[in-house]
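Using this note's numbering, you'd call the opening residue of the sequence shown number 15 and step up by one each time. Below is one structure, written out as structure tokens, with a few remarks after it.
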Amino acid sequence: MTTQDLCEKLNLKMLSKFSHKEVNGVFVSDMISDVMAGAKSGNLWLTVQTHKSIIPAANLVDVAAVIITSGKDVPEETIELANKFDIAVLSTDFPTFKIVGELYSLGL
15 MTTQDLCEKL
25 NLKMLSKFSH
35 KEVNGVFVSD
45 MISDVMAGAK
55 SGNLWLTVQT
65 HKSIIPAANL
75 VDVAAVIITS
85 GKDVPEETIE
95 LANKFDIAVL
105 STDFPTFKIV
115 GELYSLGL
């Protein structure tokens, strides 16, 4: 499944400009140190964090996308940095728990 497939199936908003990637799993955490220690390349990262420091962490781990849950507003500086590093920043109004359930039902 690709990030494009997920955007269509879950009606995710694409906030940054990015190349679509294959998705191979899901990682859920609001702590950047957890992501750097536990997320794998190709994972989706679900979080409510929106500050620009999520982008270097996403880039370091090479996640397929960052999904900002619960309808949080993402600062323009975060989106600009994501564009610079070709990091997919997606958004949903649903809470993290709901999106995890949807991803599970899709086989992730």
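Beta carbons: idealized from backbone N, C-alpha and C, even for Gly. As the structure is a computational prediction, the values presented were derived from the model and not from experiment.
Check: Endpoints, alpha helix (DSSP H) assigned at Phe111; Outcome: Thr110 to Ser119
Check: Simplified DSSP state of Ala79, which is helix, strand or coil; Outcome: strand
Check: Interface flag, Leu104 vs chain C, CB-CB below 8 Å; Outcome: Absent from the structure is chain C; it holds one protein chain and no more.
Check: Beta-carbon separation (whole angstroms), Ala96 vs Ile69, contact threshold 8 Å; Outcome: 5 Å
Check: Residue burial classification, Asn25 (beta-carbon count within 10 angstroms, cutoff 16); Outcome: exposed
Check: Nearest-angstrom Cα separation, counted from Val40 out to Met15; Outcome: 12 Å
Check: DSSP-derived helix/strand/coil call for Thr61; Outcome: strand
Check: Euclidean distance between Cα positions of Asp76 and His34; Outcome: 13 Å
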